[in-house]
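Q: Heads up: the protein sequence lines correspond to chains A and B, in order.
Note that my numbering has the first sequence beginning at 1, numbered continuously upward.
Note that my numbering has the second sequence beginning at 1, numbered continuously upward.
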Amino acid sequence: MTSPPPTSALRCRGLVKRFGAVTAVNGLDLDVKSGECFGMLGPNGAGKTTTVEILEGLTPADAGEVEVLGQRWQGDGHALRSRLGVQLQETKFPEKLQVAEVMALFRSFYPHGMTVREALAIVGLQEKAGARVNTLSGGQKQRLSLACALIGDPELLFLDEPTTGLDPQSRRQTWDIVEGMKARGRTVLITTHYMEEAAQLCDRVAIVDQGKVIALDTPRALVSSLGAEHVVEFAVENGVALSEPALAALPSVEGVAFEDGTWRLTVREVHRTVPALLAMLAERGAAPTHLTTHHATLEDVFMALTGRRLRDG
Amino acid sequence: MAETRDRPRSPLVELTYARLRELIREPEAVFWVFVFPIILTAILGLAFRSRPPDALRVAVAAGANAEARSAAITAGEGLEPRVMPEKEALEALGRGRVVLVVSGGEPPTYSYDPTQPESRAARLAVDTALQKAAGRADAFVPARSEITEPGTRYVDFLVPGLLGMNIMGTGMWGIGFSLVVARNGKLLKRLVAAPVRRGQILGAQIIARLLFLIPEAAALLIFANLVLDVPLRGSFLLLSVVSLLGALAFSGIGLLAAARPRTIEGVSGVMNLVMVPMWIFSGIFFSTERFPAAIQPFVQALPLTGLNDALRAVMLEGAGLVTVLPELALLAVWGIVSFVIAVRVFRWQ
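(1) Once you ignore the five residues that flank Glu269 (chain A) on each side, which residues in its own chain have a CB closer than 6 Å to its CB?
(2) Assess contact between the region 234-246 of chain A and the region 199-206 of chain A, defined as three or more Cβ pairs (one per stretch) separated by less than 8 Å. Is contact present?
(3) Hey, how far is the Cα of Arg262 (chain B) from the Cα of Ile214 (chain A)?
(4) Just to confirm before moving on: does the CB-CB distance between Tyr110 (chain A) and Ser145 (chain A) stay below 8 Å?
(5) For a quick check, are the C-beta atoms of Val126 (chain B) and Leu158 (chain B) less than 8 Å apart?
(6) Kindly list the residues whose CB is nearer than 6 Å to the CB of Gly76 (chain B), restricted to its own chain and excluding five residues on each side of it in sequence; keep chain order.
(7) Counting pairs of Cβ atoms below 8 Å between the region 161-175 of chain B and the region 236-253 of chain B, do you hit three or more?
(8) Could you check the C-alpha separation between Gly313 (chain A) and Ala46 (chain A) for me, to the nearest Å?
(9) Does any C-beta atom of chain B lie closer than 8 Å to the C-beta of Ala104 (chain A)?
(10) Just mark Ile24 (chain B) as buried or exposed, buried being the case when its beta carbon has 16 or more other beta carbons within 10 Å.
(11) Are the Cβ atoms of Ala193 (chain B) and Glu56 (chain A) separated by less than 8 Å?
(12) For a contact meaning CB atoms closer than 8 Å, what does Val86 (chain A) contact in chain B?
(13) Pick out whichever of B:Ala257, B:Leu56, B:Arg197, B:Gln116 has its Cα sitting closest to the Cα of Leu12 (chain B).
(14) Given that Phe93 (chain A) touches chain B, what residues does it touch there, using C-beta distances under 9 Å?
(15) With a CB to CB cut of under 7 Å and the five nearest residues on each side skipped, what residues in its chain are close to Leu40 (chain B)?
(16) Residues of the region 194-208 of chain B with a CB closer than 8 Å to any CB of chain A: list them in chain order, please.
(17) Using 10 angstroms around the beta-carbon of Ala71 (chain B), count the other beta-carbons present and answer buried if the total reaches 16, otherwise exposed.
(18) With a CB to CB cut of under 8 Å and the five nearest residues on each side skipped, what residues in its chain are close to Arg72 (chain A)?
(19) Measure the Cβ-Cβ separation of Thr174 (chain A) and Gln142 (chain A) and say whether it is below 8 Å.
(20) Please tell me whether Arg25 (chain B) has its Cβ less than 8 Å away from any Cβ of chain A.
(21) Excluding sequence positions up to five away, which residues of its chain have a Cβ less than 8 Å from the Cβ of Val316 (chain A)?
(22) Could you check how far apart the C-beta atoms of Ala199 (chain A) and Thr297 (chain A) are, in whole angstroms? I think they sit under 8 Å.
(23) Let me see if you follow: with CB-CB separation under 8 Å, is Arg81 (chain A) close to chain B or not?
(24) Do three or more CB pairs link the region 318-326 of chain B to the region 181-188 of chain B at distances below 8 Å?
(25) Using a Cβ-Cβ cut-off of 6 Å (strictly less than) and excluding sequence neighbours within five positions of Leu248 (chain B), which residues of its own chain qualify?
(26) Grouping DSSP H, G and I as helix and E and B as strand, with all else coil, what is Trp263 (chain A)?
(27) Among the candidates A:Leu69, A:Gln74, A:Phe38, whose CA atom is the shortest distance from the CA of Leu58 (chain A)?
(28) Would the beta-carbon of Gln205 (chain B) fall within 8 Å of that of Arg21 (chain B)?
(29) Where in the region 179-240 of chain B do unbroken runs of the beta strand (DSSP E), each at least 3 residues long, occur, reported from the N-terminal end onward?
(30) Using DSSP with H/G/I as helix, E/B as strand and the rest coil, what is Asp153 (chain A)?
(31) From this set, B:Leu304, B:Ile43, B:Val58, B:Ala208, which residue's C-alpha is nearest Arg95 (chain B)'s C-alpha?
(32) Would you mind working out which of A:Thr266, A:Phe258, A:His271, A:Ile151 sits nearest Ala121 (chain A), comparing C-alpha positions?
(33) Less than 8 Å between CB atoms is the rule here; does Pro5 (chain A) satisfy it with respect to chain B?
(34) Can you give the beta carbon distance from Ala119 (chain A) to Ala79 (chain A), rounded, assuming they're within the 8 Å contact cut?
(35) Does the distance from the C-beta atom of Val25 (chain A) to that of Leu15 (chain A) stay below 8 Å?
(36) On a CA-only basis, which of B:Ala224, B:Val230, B:Ser178 is nearest Val267 (chain B)? Give me that one, please.
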């Protein structure tokens with residue numbers, strides 16, 4: 001590239017989008033730096049897709065400012081679009097076309113980019129070049145969609161829930177492709193409701209809930225913002241009351257939450273908390289029906305912030 | 001393995017290729033576009049093929065003079081008399097097995113239904129035959145000129161109508177269906193997110209449809225000309241212009257029908273709403289002149305009426321450009337107006 005990349009690949013301020021009485025995006029700010037992989041993590045309905053479609057210039061915002069690669073959306077945004085790669089959730093490509101034909105079609109839209117062969121190699125679909133779209137598996141269709149997003153060799157890549165509905169192996173393949181994009185110095189904005197995906201791929205993660213960014217940092221910093229690295233979850237027999245202050249007073253406990261009959265303690269050192277917890281339960285005659293511990297994750301960060309889980313149900 | 005080109009073609013060319021490939025790889029589309037009109041033409045051509053006119057069946061009531069009357073009627077023109085008891089004869093008339101009954105003494109009584117053209121024709125022919133037998137002389141013998149040449153048969157009337165119907169159907173379904181499927185599957189949205197002009201996306205649909213017109217019209221016309229001897233009296237060039245303008249007009253209307261619906265069910269409803277009236281009113285199977293004067297302005301304003309009239313004028317009457325100019329203007333107005341509205345209200349996602 002001849003000109004030095006701008007420091008900010010993507011910038012939006014005070015984004016608002018309403019659909020009737022529903023406010024899908026409610027004053028959302030984002031700054032994505034050039035060359036980073038930025039994740040928007042949030043439950044379904046948090047406003048991630050609406051936000052991405054505003055950033056992609058597909059949906060007009062009701063309020064707020066958007067700058068993509070230093071430009072605002074105006075007119076059909078033709079020149080700007082040729083610098084972006086876009087993957088939407090579930091695009092159905094023409095079923096009777098062959099994979100390479102779909103790729104050639106998308107390649108024809110871009111003034112520069114890779115060859116069909118190169119793009120197919122990146123997503124590992126070379127041997128499917130002559131196959132019709134309707135013979136592909138779900139994971140292969142998703143990779144075709146990814147290849148169409150990559151073929152213009154974009155500076156900025158939008159991936160909206162790229163692994164939703166995929167089996168673990170296909171998910172791994174998608175992650176490898178995104179890692180490859182990062183290695184080529186491309187900027188990636190990815191939305192997901194899988195906390196493993198955000199933790200694995202993203203340099204920084206914005207946690208989004210109800211149309212707003214409620215936390216933003218590197219995955220590691222977000223987890224350590226809990227003040228403790230482990231989570232102890234337990235439940236006791238019905239009818240036995242435990243008090244939050246009593247649990248908070250146990251050694252090494254940093255946070256206490258109760259939801260759906262399960263207590264969640266964020267703790268620094270499991271080996272100090274658990275014996276004291278068991279002793280306290282025995283003293284009160286409350287036999288635990290369930291007790292687990294795990295390393296704190298982004299899911300725990302989301303729960304600490306909202307009191308709800310990322311995934312429905 | 002598909003051919004991979006190093007140098008990409010223009011988006012318009014790729015979009016058009018994509019659409020053509022989709023059409024050709026859809027066996028059902030190929031059947032409805034190419035095979036069905038030919039089968040329909042063949043069947044209807046067979047059903048309405050030229051043959052000697054049927055004799056009119058009349059009954060003569062049994063009696064003393066029945067045999068003489070029957071002989072006189074047989075000597076008449078295009079009549080087939082049968083002698084039967086009067087009661088049976090009147091029953092046969094009621095059931096439509098005969099169109100007239102001759103009964104009574106001298107002079108005879110003719111029983112017939114004057115609202116039926118065949119009955120009226122039989123009355124004239126029977127009367128002439130019996131009067132002649134009774135001694136009436138013809139005042140003069142007219143010269144005859146019988147016309148059953150190609151170009152006036154039903155199948156000649158039918159083929160241009162079927163061609164018009166096919167141009168309408170392919171234009172509307174071909175464009176409407178593919179756009180709604182693309183909208184429903186978010187492909188339109190994905191295309192809009194890419195650096196491709198919206199005019200090219202819609203333009204490719206129309207170009208693909210016009211290219212498809214060539215084999216489509218050719219298949220029907222070659223079959224009709226070689227097998228059924230349907231004539232082409234006007235210029236081939238003018239016939240092509242009329243077909244092309246018809247295809248353009250229905251592309252515009254198809255685009256408009258598909259401008260908003262999100263589902264196949266939705267667009268099918270709109271398509272039927274638009275096409276069914278034209279199947280009935282636009283003179284595919286019978287002449288539009290059969291409709292009362294009160295609805296003629298509506299009938300004549302329909303684009304398929306214009307297309308069918310122009311196709312018939314060029315094929316059967318050898319009409320020139322000036323003659324079909326009003327029909328061409330009608331098609332152009334329909335095409336332009338619906339295209340402009342369609343582009344304005346088009347739902348891209």
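Even glycine gets a Cβ: it sits at the ideal position worked out from N, Cα and C.
Treat the numbers as computed from the prediction; the structure is a model and nothing was measured.
A: Considering the structure as presented:
(1) The residue labelled residue 269 (chain A) in the question sits at position 269 within the first sequence. Correct list, in chain order: Ser252.
(2) no
(3) Residue mapping note: residue 262 (chain B) aligns to position 262 of the second sequence, counting from 1. Residue mapping note: residue 214 (chain A) aligns to position 214 of the first sequence, counting from 1. Each residue's Cα considered, the two are about 35 Å apart.
(4) Counted from its first residue, the first sequence places residue 110 (chain A) at position 110. Counted from its first residue, the first sequence places residue 145 (chain A) at position 145. No, these two residues do not count as a Cβ contact at 8 Å.
(5) Translated into positions along the second sequence, residue 126 (chain B) becomes position 126. Translated into positions along the second sequence, residue 158 (chain B) becomes position 158. Cβ atoms of Val126 (chain B) and Leu158 (chain B): not closer than 8 Å.
(6) Counted from its first residue, the second sequence places residue 76 (chain B) at position 76. Hits under 6 Å: Ala125, Ala129.
(7) yes
(8) As a working note, residue 313 (chain A) is residue 313 in the first sequence. As a working note, residue 46 (chain A) is residue 46 in the first sequence. With a pLDDT of only 37 at Gly313 (chain A), under 50, the local geometry of the prediction cannot be trusted, and the value read off the model is given with reservation. Roughly 15 Å between the two C-alpha positions.
(9) Numbered from its first residue, the first sequence carries residue 104 (chain A) at position 104. Closer than 8 Å to some Cβ of chain B, the Cβ of Ala104 (chain A) qualifies, so yes.
(10) Working through the second sequence from its first residue, we reach residue 24 (chain B) at position 24. Ile24 (chain B) is exposed by the Cβ-count criterion.
(11) The sequence position of residue 193 (chain B) within the second sequence is 193, counting from 1. The sequence position of residue 56 (chain A) within the first sequence is 56, counting from 1. Cβ atoms of Ala193 (chain B) and Glu56 (chain A): closer than 8 Å.
(12) As a working note, residue 86 (chain A) is residue 86 in the first sequence. Those are Arg190, Ala193, Ala194, listed as they occur along chain B.
(13) Here the question's residue 12 (chain B) lines up with position 12 in the second sequence. Checking every option, the nearest Cα to that of Leu12 (chain B) belongs to B:Arg197.
(14) For the purposes of this step, residue 93 (chain A) is taken as the residue at position 93 of the first sequence. For Phe93 (chain A), the chain B residues whose C-beta falls within less than 9 Å of its own C-beta are Gly185, Leu187, Arg190, listed in chain order.
(15) Against the second sequence, residue 40 (chain B) aligns to sequence position 40. Contacts found: Leu162.
(16) Ala194, Pro195, Val196, Arg197, Arg198
(17) As a position in the second sequence, residue 71 (chain B) is number 71, starting the count at 1. With fewer than 16 other Cβ atoms within 10 Å, it is exposed.
(18) As a first step, residue 72 (chain A) must be located in the first sequence, where it is residue number 72. Once the five neighbours on either side are set aside, the close Cβ partners of Arg72 (chain A) are Glu65, Val66.
(19) Here residue 174 (chain A) is taken as the residue at index 174 of the first sequence, counted from 1. Here residue 142 (chain A) is taken as the residue at index 142 of the first sequence, counted from 1. Yes, they are a contact pair.
(20) The residue given as residue 25 (chain B) occupies position 25 in the second sequence. So yes, Arg25 (chain B) belongs to the interface.
(21) Because chain A is modelled from 1 through 313, residue 316 (chain A) falls outside the range shown and cannot be assessed.
(22) The residue you call residue 199 (chain A) lines up with position 199 of the first sequence. The residue you call residue 297 (chain A) lines up with position 297 of the first sequence. 7 Å between Cβ atoms; contact.
(23) Start at 1 with the first residue of the first sequence, and residue 81 (chain A) comes out as number 81. At least one chain B Cβ lies under 8 Å of Arg81 (chain A).
(24) no
(25) Locating residue 248 (chain B) in the second sequence gives position 248, where the first residue counts as 1. So the qualifying residues of the chain are Gly335.
(26) Counting from one through the first sequence, the residue named residue 263 (chain A) turns up at place 263. Strand at Trp263 (chain A).
(27) The residue you call residue 58 (chain A) lines up with position 58 of the first sequence. The residue with the shortest Cα to Cα distance from Leu58 (chain A) is A:Gln74.
(28) Mapped onto the second sequence, residue 205 (chain B) falls at position 205. Mapped onto the second sequence, residue 21 (chain B) falls at position 21. No; because the gap between Cβ atoms is not below 8 Å, this pair is not in contact.
(29) Within the region 179-240 of chain B, there are no complete beta strand (DSSP E) runs of at least 3 residues.
(30) Within the first sequence, numbered from 1, the residue matching residue 153 (chain A) stands at position 153. Coil.
(31) Locating residue 95 (chain B) in the second sequence gives position 95, where the first residue counts as 1. The candidate whose alpha carbon is nearest that of Arg95 (chain B) is B:Val58.
(32) The residue labelled residue 121 (chain A) in the question sits at position 121 within the first sequence. Ranking the options by Cα distance to Ala121 (chain A), first place goes to A:Ile151.
(33) Here residue 5 (chain A) is taken as the residue at index 5 of the first sequence, counted from 1. Residue confidence is low: Pro5 (chain A) scores 49 on pLDDT, short of 50, so the model does not pin down where it sits. Its coordinate-derived value is still stated next. Chain B, which has no Cβ nearer than 8 Å to the Cβ of Pro5 (chain A), makes this no.
(34) Against the first sequence, residue 119 (chain A) aligns to sequence position 119. Against the first sequence, residue 79 (chain A) aligns to sequence position 79. No, Ala119 (chain A) and Ala79 (chain A) are not in contact; Cβ-Cβ is about 22 Å, not under 8 Å.
(35) For this step, residue 25 (chain A) is matched to residue 25 along the first sequence. For this step, residue 15 (chain A) is matched to residue 15 along the first sequence. Yes, the pair counts as a contact, with Cβ atoms nearer than the cut-off.
(36) Stepping through the second sequence from its first residue, residue 267 (chain B) is reached at position 267. The shortest Cα separation from Val267 (chain B) among B:Ala224, B:Val230, B:Ser178 belongs to B:Ser178.
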